[in-house]
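Below is one structure; the comments refer to it alone.
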Ligand SMILES: [Zn+2]
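Numbering (the numbering used here), first residue to last: 522 to 651.
Spelled out as structure tokens, the structure:
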């Protein structure tokens, strides 16, 4: 792999933006084949050129800034999606209620029958089926 190291010295390399573009490019290439679309194919070529350009770019500062901008937009979206997925996983083991008094979100384990839940915020007690 020495030749590869030699090629990559002074060049930017792969970052999160390039990795994401690569995933988009793979999806695009599948879609372009599925729909037999020249437009999607051309779009995929542009993406691949952009990935290559960024990876072998010598303007490391500029590429770094691009990646930071990308992460600023992408990270909140990713966290939101992760939160949703975690909540969906949680639905199997927990039930979610809102306190009828203060609207505090309450999480109780499933399958315990009828139980009394006391809101930790306002101490309101409710009987709920779990
Ligand atoms: Zn409450």
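Ideal Cβ placement from N, Cα and C applies to all residues, glycine included.
Remember, predicted model here, so these are calculated numbers, not experimental data.
Annotation for residue 651: 616, 629, 630, 631, 632, 633, 634 and 636 place their beta carbon closer than 7 Å to its own, counting only its chain and skipping 5 residues before and after. A heavy atom of ligand 1 is found nearer than 7 Å to the CB of residue 622. Burial check for residue 533: the Cβ neighbour count within 10 Å reaches 16 or more, so the residue is buried. Rounded to the nearest whole angstrom, the CA to CA distance from residue 551 to residue 588 is 26 Å. For residue 545, same chain residues with a beta-carbon under 8 Å away, outside a window of 5 residues either side, are 568 in chain order. Residue 570 is classed as exposed because its beta carbon has fewer than 16 other beta carbons within 10 Å across all chains shown.
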